[in-house]
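Student: Okay, here's the structure, questions in a sec.
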Amino acid sequence: MVELKSTERIDDLQRNNLKIIQDTERFCFGMDAVLLSGFAKAKKGDKVLDLGTGTGIIPILMSAKTDAEHLTALEIQPESADMAMRSVMLNDLQNKIDIKTGDIKEASRIFGKASFDVVTSNPPYMISGHGEANPDDAKAIARHEVLCTLDDVVREASACLKPNGHFYMVHRPFRLGEIFAAMEKYKLRVKEMRMVHPFVDKEPNMVLIGACKGGNQGIKIAPPLIVYKEQGVYTDEIYEVYGY
1185 MVELKSTERI
1195 DDLQRNNLKI
1205 IQDTERFCFG
1215 MDAVLLSGFA
1225 KAKKGDKVLD
1235 LGTGTGIIPI
1245 LMSAKTDAEH
1255 LTALEIQPES
1265 ADMAMRSVML
1275 NDLQNKIDIK
1285 TGDIKEASRI
1295 FGKASFDVVT
1305 SNPPYMISGH
1315 GEANPDDAKA
1325 IARHEVLCTL
1335 DDVVREASAC
1345 LKPNGHFYMV
1355 HRPFRLGEIF
1365 AAMEKYKLRV
1375 KEMRMVHPFV
1385 DKEPNMVLIG
1395 ACKGGNQGIK
1405 IAPPLIVYKE
1415 QGVYTDEIYE
1425 VYGY
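Position 15, counted from 1, in the sequence shown is what our numbering calls 1199; the numbers after and before it change by one each time, with no gaps.
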């Protein structure tokens, strides 16, 4: 039996009877993580690393959505890593998912270079200094580049990937210039991209990116993903991603 702390709850992920432990006073996973888990691909036999896993939402969902052989997740905040480990136990996935407490900036040292076929990340979006109230606050660490930068994430993703391995990330469109520059710097070639729009007539507020280590030129731009068809009502594709 997995124990819960006073501020924690168990949420049903609506997929293969999977559940996750979340703390109402800390950062809870959002749609971006769920969309990334549906966008990322992993083949039979693949070993996957999730950088900055939070409470483990991406590897837990990918264990059901992909044929990955094994998933490893790295999280710097001990409290979040502990929740992730207990969620893995809750779902009896101890043989499929490992949770490691550690720093993204040290990922390639922790796991070794060229150790994974696939790397995923839902990193902090906002540049440090843009409004976070407390640099020690769990929500600030999840949202702002307090403990790692975009450059750190892309560098370590590339270092951890085997040749021709794939990196999948969700981020904000306003940082696409930096993202492409960092990918090029660390020998990751962007191969696919999909913009996520809250409504069909609104600008995108998320971007899903897939890159290949040492890939050839050429980017596949997928059709826009629309979240809501009207206020409070998801589009059919979003319901499909969530498994409703």
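Every residue gets a Cβ at the ideal spot worked out from N, C-alpha and C, and that includes glycine.
Keep in mind it's a predicted model, so treat the numbers as computed, not measured.
Using only the alpha-carbon positions, how far apart do Asn-1201 and Gly-1399 sit?
Tutor: 37 Å
Student: Distance, Cα to Cα, Val-1232 vs Ser-1305?
Tutor: 11 Å
Student: Taking the CB atoms as reference points, tell me whether Thr-1208 and Glu-1192 lie closer together than 9 Å.
Tutor: yes
Student: Shortest alpha-carbon distance to Val-1374 belongs to which of Cys-1344, Phe-1300 and Ile-1393?
Tutor: Ile-1393
Student: Is the beta carbon of Ala-1265 closer than 9 Å to that of Lys-1130?
Tutor: This structure cannot speak to residue 1130, because the chain is shown only from 1185 to 1428.
Student: Buried or exposed for Arg-1378, please, with buried defined as at least 16 other CB atoms from any protein chain shown within 10 angstroms of its CB.
Tutor: Arg-1378 should be labelled buried.
Student: Under 8 Å Cβ to Cβ from Asn-1389, same chain only, skipping five residues before and after it: list those, please.
Tutor: Arg-1356, Pro-1357, Val-1380, His-1381 and Pro-1382
Student: Below 8 Å on the Cβ atoms is my contact criterion, and I expect Asp-1251 with Lys-1280 to pass it. Report the Cβ-Cβ distance as a whole number of Å.
Tutor: Contact flag wrong, Cβ pair sits at about 12 Å.
Student: Taking the straight line between their C-alpha atoms, what separation do you get for Glu-1421 and Leu-1409?
Tutor: 8 Å
Student: Can you tell me which of the three DSSP states Val-1186 falls into?
Tutor: Coil.
Student: Could you name the residues of the same chain whose beta carbon sits closer than 8 Å to that of Gly-1402, not counting the 5 residues immediately before and after it, in chain order?
Tutor: Lys-1375
Student: Which full runs of the alpha helix (DSSP H) of 4+ residues lie inside the stretch 1248-1278, going along the chain?
Tutor: Fully enclosed alpha helix (DSSP H) runs of 4 or longer: 1262-1274.
Student: With DSSP as the reference, label Ala-1317 as helix, strand or coil.
Tutor: Its pLDDT being 47, under 50, Ala-1317 is placed unreliably by the model, and the measurement read from it follows with that caveat. Coil, per DSSP.
Student: Would you call Arg-1293 buried or exposed, if buried means 16 or more other Cβ atoms sit within 10 Å of its Cβ?
Tutor: Exposed, by the Cβ-count rule.
Student: Quick one: which unbroken alpha helix (DSSP H) runs of 4-plus residues sit fully inside the stretch 1343-1401? Chain order, please.
Tutor: Runs of the alpha helix (DSSP H) inside the stretch 1343-1401: 1360-1369.
Student: Can you tell me where the alpha helix (DSSP H) with Tyr-1423 in it begins and where it stops?
Tutor: 1420-1426
Student: Among residues of its own chain, excluding the 5 on either side of Tyr-1426, which ones have a beta-carbon nearer than 7 Å to its beta-carbon?
Tutor: Gln-1198 and Val-1218
Student: Looking at the unbroken beta strand (DSSP E) that takes in Arg-1193, where does it start and where does it end?
Tutor: 1192-1196
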